[in-house]
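K.L.:
At position 720 of the sequence shown the residue is numbered 725 (the numbering used here), and the sequence of numbers has no breaks. For every residue, glycine included, the Cβ atom is placed at its ideal position computed from N, Cα and C. I have a structure I would like to understand better, so I am pasting it below and will then ask my questions one at a time.
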Amino acid sequence: MKRAAIVLFASFACLAARAEELRMTTLLRGGDMSNNVSRAGLVIRDVLGDARPELVACTTNAAFAMSFDGTTYRPSWYSQELNCTGVAVADVNGDGAAEVIVAAYEGAGSSQYRSFIHLFDPTCNRQPLLSAQITPLSSATILAVAVGNVDNDAALEIVAVTSANTYVLDAATLAVQWTAPWGGTAVAIGDLEGDGLAEVIINGGDGHVLNAAAQTYKWGYAGGFGGSMAVGDVDNDGKAEIVGGNSSQLRVVHGDTFVVNTYSVDAGYDIAVADANADGQPEIVVAPYYSGYTLRGYTGTGTLLWTIDDATYTVEGIAVGDPDGDGVTEVVWGDLGTGLVVGRAGVNTAEWRGNLRGFNHQAVAGDLDGDGDMELVTGGSSGTGISVRDVRTGSILGTMTVPGYSPTVYRLAIGQVDADAAREIVVLGNSSCCSGSSLYVFDGVTFALEWTSEAVFNSAILNVRNLDADAVDEIVVASYSAAKLQVLNGASGFIQQNGPVLDSSPSDVAIGDLDGDSILDLAVSTNISAYVFKTSDWSERKHITLTTYSYGASYIAIMPGQLAIYWTYDKLRTYDGATLTELRACVPTLAPVDLAYATFGGRTRLVASEDKLRFYPTDGAACPAADTASLLPKSVSPMSFTDVTGDGRPELVTGGYYSFTIASLGWADEVHGDVDSDGISTDADIDALASYLYGAGTRFHPAADVNGDTVIRADDLFYLINYRRGTGAPPP
Numbered sequence: 006m007k008r009a010a011i012v013l014f015a016s017f018a019c020l021a022a023r024a025e026e027l028r029m030t031t032l033l034r035g036g037d038m039s040n041n042v043s044r045a046g047l048v049i050r051d052v053l054g055d056a057r058p059e060l061v062a063c064t065t066n067a068a069f070a071m072s073f074d075g076t077t078y079r080p081s082w083y084s085q086e087l088n089c090t091g092v093a094v095a096d097v098n099g100d101g102a103a104e105v106i107v108a109a110y111e112g113a114g115s116s117q118y119r120s121f122i123h124l125f126d127p128t129c130n131r132q133p134l135l136s137a138q139i140t141p142l143s144s145a146t147i148l149a150v151a152v153g154n155v156d157n158d159a160a161l162e163i164v165a166v167t168s169a170n171t172y173v174l175d176a177a178t179l180a181v182q183w184t185a186p187w188g189g190t191a192v193a194i195g196d197l198e199g200d201g202l203a204e205v206i207i208n209g210g211d212g213h214v215l216n217a218a219a220q221t222y223k224w225g226y227a228g229g230f231g232g233s234m235a236v237g238d239v240d241n242d243g244k245a246e247i248v249g250g251n252s253s254q255l256r257v258v259h260g261d262t263f264v265v266n267t268y269s270v271d272a273g274y275d276i277a278v279a280d281a282n283a284d285g286q287p288e289i290v291v292a293p294y295y296s297g298y299t300l301r302g303y304t305g306t307g308t309l310l311w312t313i314d315d316a317t318y319t320v321e322g323i324a325v326g327d328p329d330g331d332g333v334t335e336v337v338w339g340d341l342g343t344g345l346v347v348g349r350a351g352v353n354t355a356e357w358r359g360n361l362r363g364f365n366h367q368a369v370a371g372d373l374d375g376d377g378d379m380e381l382v383t384g385g386s387s388g389t390g391i392s393v394r395d396v397r398t399g400s401i402l403g404t405m406t407v408p409g410y411s412p413t414v415y416r417l418a419i420g421q422v423d424a425d426a427a428r429e430i431v432v433l434g435n436s437s438c439c440s441g442s443s444l445y446v447f448d449g450v451t452f453a454l455e456w457t458s459e460a461v462f463n464s465a466i467l468n469v470r471n472l473d474a475d476a477v478d479e480i481v482v483a484s485y486s487a488a489k490l491q492v493l494n495g496a497s498g499f500i501q502q503n504g505p506v507l508d509s510s511p512s513d514v515a516i517g518d519l520d521g522d523s524i525l526d527l528a529v530s531t532n533i534s535a536y537v538f539k540t541s542d543w544s545e546r547k548h549i550t551l552t553t554y555s556y557g558a559s560y561i562a563i564m565p566g567q568l569a570i571y572w573t574y575d576k577l578r579t580y581d582g583a584t585l586t587e588l589r590a591c592v593p594t595l596a597p598v599d600l601a602y603a604t605f606g607g608r609t610r611l612v613a614s615e616d617k618l619r620f621y622p623t624d625g626a627a628c629p630a631a632d633t634a635s636l637l638p639k640s641v642s643p644m645s646f647t648d649v650t651g652d653g654r655p656e657l658v659t660g661g662y663y664s665f666t667i668a669s670l671g672w673a674d675e676v677h678g679d680v681d682s683d684g685i686s687t688d689a690d691i692d693a694l695a696s697y698l699y700g701a702g703t704r705f706h707p708a709a710d711v712n713g714d715t716v717i718r719a720d721d722l723f724y725l726i727n728y729r730r731g732t733g734a735p736p737p
């Protein structure tokens with residue numbers, strides 16, 4: 006009962022902060038989930054109220070939590086994308102539930118940064134409960150954050166450090182209580198003297214120990230405590246010690262006596278203090294600089310206790326706990342090569358390796374094997390290759406790669422190009438011979454490479470679509486050496502059609518029936534114009550030219566009855582699909598990097614990927630304002646809208662520089678409890694929601710959030726049952 010009350014309190018807090026018209030629920034996200042772990046922090050703590058700790062950490066853009074589902078670890082919560090630099094976890098308001106504390110920054114360029122502290126309730130999955138700007142413009146960013154009681158009152162404080170200053174904040178209100186003129190690169194809180202009052206310990210060019218209760222400087226340590234630093238009671242005397250290290254030395258500093266013990270131990274990459282081997286005594290856990298593939302556990306006197314030799318690359322970020330709830334202590338670390346890893350002290354085989362690292366620029370979804378369930382295909386740069394995931398579980402089903410040094414994927418598509426049982430994965434990737442891209446076609450079930458083009462293509466253009474109503478899809482690409490499109494037979498690469506020569510190299514292509522004549526139109530944009538062709542005979546319907554060159558990329562989108570184009574340094578223009586006359590010319594908030602049309606909840610929007618996704622109404626003569634929304638990804642490209650859950654409405658599928666995302670979208674005024682999307686809330690929705698939560702049902706759009714707390718779980722089912730049985734209130 007206590008937790009139910011806590012969740013209800015958190016839900017009201019979330020609802021109070023919500024004013025958007027558009028609701029978004031993140032279903033799956035992955036990609037670069039190891040970057041910044043070493044300095045941002047890695048925490049093992051129950052933040053979802055499920056009585057099992059989550060892995061809480063920080064990427065370049067967002068904080069996140071990962072939960073063990075009985076088989077594997079899956080991302081279960083994400084903050085907004087807010088340039089995360091630090092993360093900590095604590096119950097800041099005393100309600101019994103933990104909040105996630107996130108340090109982040111805004112701005113571009115070192116002279117334009119300003120830092121913020123945000124408080125998130127991960128059971129809410131929406132806007133921060135509270136945010137505060139900590140540093141003024143043109144300040145250094147927050148490099149580390151910690152939470153604890155540092156002034157001996159009844160409440161917790163948050164301590165954040167930049168290279169120049171330390172900020173002590175009231176954890177519940179985010180009010181700054183003290184700005185201390187000493188900075189560093191790492192911060193910790195511990196009672197060094199055993200007097201019941203915790204000190205603030207800062208690492209930097211010099212080490213600093215502060216008395217936050219008296220707001221005074223206590224003492225310093227010339228040269229700093231080490232490149233890595235942690236605080237804990239390593240000698241079992243009831244007082245915390247400062248433990249620091251570098252590539253040649255491990256140092257234990259006793260803050261009560263000022264005795265310093267040094268040991269010839271490489272602790273250059275990272276360090277933590279925790280009882281990893283469950284012997285009742287904390288040990289010093291280090292990631293060596295000269296053997297970054299290893300973790301080692303030492304006693305407080307420098308004796309080696311255990312090793313883990315299963316890192317694949319540099320270790321950064323170390324935490325100890327029981328994240329899978331099996332009663333056995335695990336060691337969790339950030340592996341710079343692959344992501345988060347879970348192992349055990351003295352056991353050299355990792356229990357779980359996340360494979361989260363990578364720049365997943367591209368993401369597409371489709372049913373590859375014809376079983377009715379959707380798969381997600383992602384690919385990126387820097388040799389990350391191509392991965393196929395089960396959409397429901399997020400587990401990796403298989404991987405592929407394109408040939409060459411540091412292979413890169415520029416475009417991905419899914420289609421039936423050879424009339425066999427499986428659909429194919431079509432890839433534009435770096436050419437092994439020269440500039441431009443080669444075309445690679447993989448079997449969607451076996452993931453075997455079926456064929457590779459000998460020709461080289463424009464890296465920006467790939468579309469797979471059935472253009473001639475036969476049994477297979479065609480592959481639309483653009484010539485690398487000439488400004489023209491080409492239509493290929495997907496089974497062999499045979500050129501079925503050479504398109505007309507364009508005025509410049511194409512930047513984007515879209516296919517759809519613009520005028521309702523059941524014949525597909527193909528629209529292609531260059532940096533100075535756009536063309537619309539009939540795919541039946543390649544006759545030109547329209548050539549739209551700019552009055553001035555845009556000297557940049559262009560993006561194009563099609564829906565039945567409407568065409569949209571954006572040229573760099575120009576306007577976002579829409580055209581009537583039948584007449585191709587201009588409807589509107591609007592100035593976007595920021596330059597889009599992709600366009601798409603989407604219809605969900607009975608409303609159609611033109612979606613522009615700007616600083617975040619902006620959803621523009623498609624009707625009316627005037628330029629409309631975008632619908633307000635929260636939690637939207639930043640500057641993602643490409644994006645598509647595909648029904649990956651089987652609920653009859655499309656979900657957002659997108660890549661990005663750091664991650665991929667699948668998210669369901671809905672409107673705030675939709676009927677809550679309409680789980681099956683038939684427009685009304687009935688007993689059938691009880692069955693549908695129960696099937697999702699406890700059976701084999703697919704994920705549902707945000708209307709399945711019956712009680713309006715922005716997450717879908719058992720309390721929504723109970724709410725719906727009570728409402729339908731007449732014993733509870735209607736959904737909000």
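(1) Using a threshold of 8 angstroms, state whether the C-beta atoms of ALA368 and VAL396 are closer than that.
(2) At a Cβ threshold of 8 angstroms, is TYR226 touching chain D?
(3) When the distance is taken between beta carbons, is ASP275 closer than 8 angstroms to GLU288?
(4) Just checking my contact of PHE73 with ALA62 at CB under 8 angstroms: how many whole Å lie between their CB atoms?
(5) Using C-beta distances below 8 angstroms, list every residue in its chain close to ARG57, excluding the 5 sequence neighbours before and after it, in chain order.
(6) Just curious, the beta strand (DSSP E) that ASP513 is in, first and last residue?
(7) What is the DSSP secondary structure of ARG416, reduced to helix, strand or coil?
(8) Using alpha carbons as the reference points, say which of ASP648, PHE230, THR604 lies closest to ILE247.
(9) Less than 8 angstroms between the C-beta atoms of LEU417 and PHE462, yes or no?
(10) Residues in the same chain with beta-carbon distance under 6 angstroms from VAL173, minus the five sequence neighbours each way, listed in chain order, please.
(11) Can you name the start and end residues of the alpha helix (DSSP H) that ARG718 belongs to?
(12) Classify ASP542 as helix, strand or coil using the three-state DSSP reduction.
(13) Could you please give the first and the last residue of the uninterrupted beta strand (DSSP E) stretch that includes TYR172?
(14) So, ALA227 versus ALA277, is the Cβ gap smaller than 8 angstroms?
(15) Is there at least one non-hydrogen atom of the ligand GDP closer than 7 angstroms to the beta-carbon of SER269?
(16) Specify, as a first and last residue, the run of the alpha helix (DSSP H) that LEU694 falls within.
(17) Between the C-alpha atoms of ALA719 and LEU47, what's the straight-line distance to the nearest angstrom?
(18) On a CA-only basis, which of TYR560, ALA631, ASP632 is nearest VAL598? Give me that one, please.
(19) With H, G and I counted as helix, E and B as strand and the rest as coil, what does DSSP make of ILE726?
(20) Between VAL92, ALA95, ILE549, THR31, which lies nearest to SER81 when the distance is taken from Cα to Cα?
(21) Quick one: Cα of VAL537 to Cα of LEU507, how far?
(22) Does the separation of the CB atoms of ALA693 and VAL680 fall below 8 angstroms?
(23) The beta strand (DSSP E) spanning SER392 covers which residue range?
(24) Indicate whether the contact test is met: 3 or more Cβ pairs, each with one atom in the stretch 237-254 and one in the stretch 289-307, closer than 8 angstroms.
(25) Within the stretch 206-240, note down every full beta strand (DSSP E) run reaching 3 residues or more, in order along the chain.
(26) In terms of residues, what are the limits of the beta strand (DSSP E) holding ARG50?
(27) Just reading off the beta strand (DSSP E) that TRP456 is part of, what are its end residues?
(28) What residue does the beta strand (DSSP E) around MET71 start on, and which one ends it?
(29) Sort out for me which residues DSSP pairs ARG34 with in a bridge.
(30) Taking DSSP as the reference, what is the three-state secondary structure of ALA709?
(31) For SER1, which option in LYS576, ALA169, GLN421 has the closest C-alpha, if you only look at C-alpha atoms?
(32) Inspect the beta-carbon positions of ASP518 and PRO565 and report whether they are closer than 8 angstroms.
(33) Using 8 angstroms as the cut-off, can you tell me whether the stretch 651-663 makes contact with the stretch 600-613, which would need three or more C-beta pairs spanning the two stretches below that distance?
(34) The beta strand (DSSP E) with CYS628 in it runs from where to where?
(35) Below 8 angstroms between beta carbons: does that hold for TYR150 and ALA108?
(36) Relative to the alpha-carbon of HIS548, which residue among VAL529, THR540, ALA558 has its alpha-carbon at the smallest distance?
P.N.:
This is what the structure gives:
(1) On the sequence shown, position 363 is the one that residue 368 refers to. On the sequence shown, position 391 is the one that residue 396 refers to. In terms of Cβ geometry, ALA368 and VAL396 do not form a close pair [threshold 8 angstroms].
(2) The structure shown contains no chain D; it is built from a single protein chain.
(3) To locate residue 288, count along the sequence shown from 1; it is residue 283. To locate residue 275, count along the sequence shown from 1; it is residue 270. Result no, Cβ atoms of GLU288 and ASP275 do not sit closer than 8 angstroms.
(4) Counting from one through the sequence shown, the residue named residue 73 turns up at place 68. Counting from one through the sequence shown, the residue named residue 62 turns up at place 57. In fact, because the Cβ distance is near 15 angstroms, the residues do not count as touching under 8 angstroms.
(5) Within the sequence shown, numbered from 1, the residue matching residue 57 stands at position 52. Once the five neighbours on either side are set aside, the close Cβ partners of ARG57 are ASP51, SER72, PHE73, PRO328, ASP329, GLY330.
(6) Along the sequence shown, one-based indexing puts residue 513 at 508. Under the DSSP assignment, ASP513 falls in the beta strand (DSSP E) whose first and last residues are 513-517.
(7) On the sequence shown, residue 416 is found 411 positions in, with the first residue counted as 1. Correct three-state label for ARG416: strand.
(8) Position 242 of the sequence shown, counting from 1, holds the residue named residue 247. Nearest neighbour of ILE247 by Cα position, chosen from ASP648, PHE230, THR604, turns out to be PHE230.
(9) For this step, residue 417 is matched to residue 412 along the sequence shown. For this step, residue 462 is matched to residue 457 along the sequence shown. No, the pair does not count as a contact, with Cβ atoms beyond the cut-off.
(10) Position 168 of the sequence shown holds residue 173. For VAL173, where only same-chain residues beyond five positions count, the Cβ hits under 6 angstroms are GLU162, VAL164, GLN182, TRP183, ALA217.
(11) As a working mapping, residue 718 is identified with position 713 in the sequence shown. Taken as a continuous stretch (DSSP letters only), ARG718 belongs to no alpha helix (DSSP H), as it is neither H nor E.
(12) Locating residue 542 in the sequence shown gives position 537, counting from the first residue. In the three-state reduction of the DSSP assignment, ASP542 falls in the coil class.
(13) As a working note, residue 172 is residue 167 in the sequence shown. Note, TYR172: beta strand (DSSP E), 171-175.
(14) Working through the sequence shown from its first residue, we reach residue 227 at position 222. Working through the sequence shown from its first residue, we reach residue 277 at position 272. In this structure, ALA277 does not lie closer than 8 angstroms to ALA227 by Cβ.
(15) By its list of ligands, the structure shown contains no ligand whatsoever, and the ligand GDP lies outside what it can speak to.
(16) In the sequence shown, counting from the first residue as 1, residue 694 sits at position 689. Per DSSP, LEU694 belongs to the alpha helix (DSSP H) from 688-699.
(17) Within the sequence shown, the letter at position 714 stands for residue 719. Within the sequence shown, the letter at position 42 stands for residue 47. Cα to Cα, the separation comes out at about 29 angstroms.
(18) Position 593 of the sequence shown, counted from the start, is the residue given in the question as residue 598. Nearest to VAL598 by C-alpha distance, out of TYR560, ALA631, ASP632, is TYR560.
(19) By one-based count along the sequence shown, residue 726 stands at place 721. Helix, per DSSP.
(20) Taking the first residue of the sequence shown as position 1, residue 81 is located at position 76. Checking every option, the nearest Cα to that of SER81 belongs to THR31.
(21) By 1-based counting over the sequence shown, the position of residue 537 is 532. By 1-based counting over the sequence shown, the position of residue 507 is 502. So the alpha carbons of these two residues sit roughly 11 angstroms apart.
(22) Residue 693 sits at position 688 when you count from the first residue of the sequence shown. Residue 680 sits at position 675 when you count from the first residue of the sequence shown. Cβ distance < 8 angstroms, so ALA693 and VAL680 count as in contact.
(23) For the purposes of this step, residue 392 is taken as residue 387 along the sequence shown, with counting starting at 1. SER392 -> beta strand (DSSP E) spans 391-395.
(24) Segment contact: the stretch 237-254 against the stretch 289-307, three or more CB-CB distances shorter than 8 angstroms; contact assigned.
(25) Within the stretch 206-240, complete beta strand (DSSP E) segments of at least 3 residues are found at 212-216, 221-226, 233-237, given in chain order.
(26) Translated into the one-based positions of the sequence shown, residue 50 becomes position 45. Unbroken beta strand (DSSP E) run through ARG50: 48-50.
(27) Counted from its first residue, the sequence shown places residue 456 at position 451. First-last of the beta strand (DSSP E) with TRP456: 454-457.
(28) In the sequence shown, residue 71 corresponds to position 66, counting from 1. Annotation: the continuous beta strand (DSSP E) that includes MET71 extends over 68-73.
(29) Taking the sequence shown and counting its residues from 1, one reaches residue 34 at position 29. Answer is THR666, bridged to ARG34.
(30) Taking the first residue of the sequence shown as 1, we reach residue 709 at position 704. It is helical.
(31) Outside the shown range of the chain (6 to 737) lies residue 1, about which nothing can therefore be said.
(32) Working through the sequence shown from its first residue, we reach residue 518 at position 513. Working through the sequence shown from its first residue, we reach residue 565 at position 560. Yes, the Cβ-Cβ distance between ASP518 and PRO565 is below 8 angstroms.
(33) Judged by Cβ distances under 8 angstroms, the stretch 651-663 makes contact with the stretch 600-613, as three or more pairs qualify.
(34) Your numbering for residue 628 matches position 623 in the sequence shown. Judged by DSSP secondary structure, CYS628 falls outside any beta strand (DSSP E); it is assigned neither H nor E.
(35) Numbered from its first residue, the sequence shown carries residue 150 at position 145. Numbered from its first residue, the sequence shown carries residue 108 at position 103. According to the sequence provided, residue 150 is Val. The question's Tyr does not apply to it. Contact flag set, yes.
(36) Numbered from 1 along the sequence shown, position 543 holds the residue referred to as residue 548. Closest option to HIS548, judged by alpha-carbon separation, among VAL529, THR540, ALA558: VAL529.
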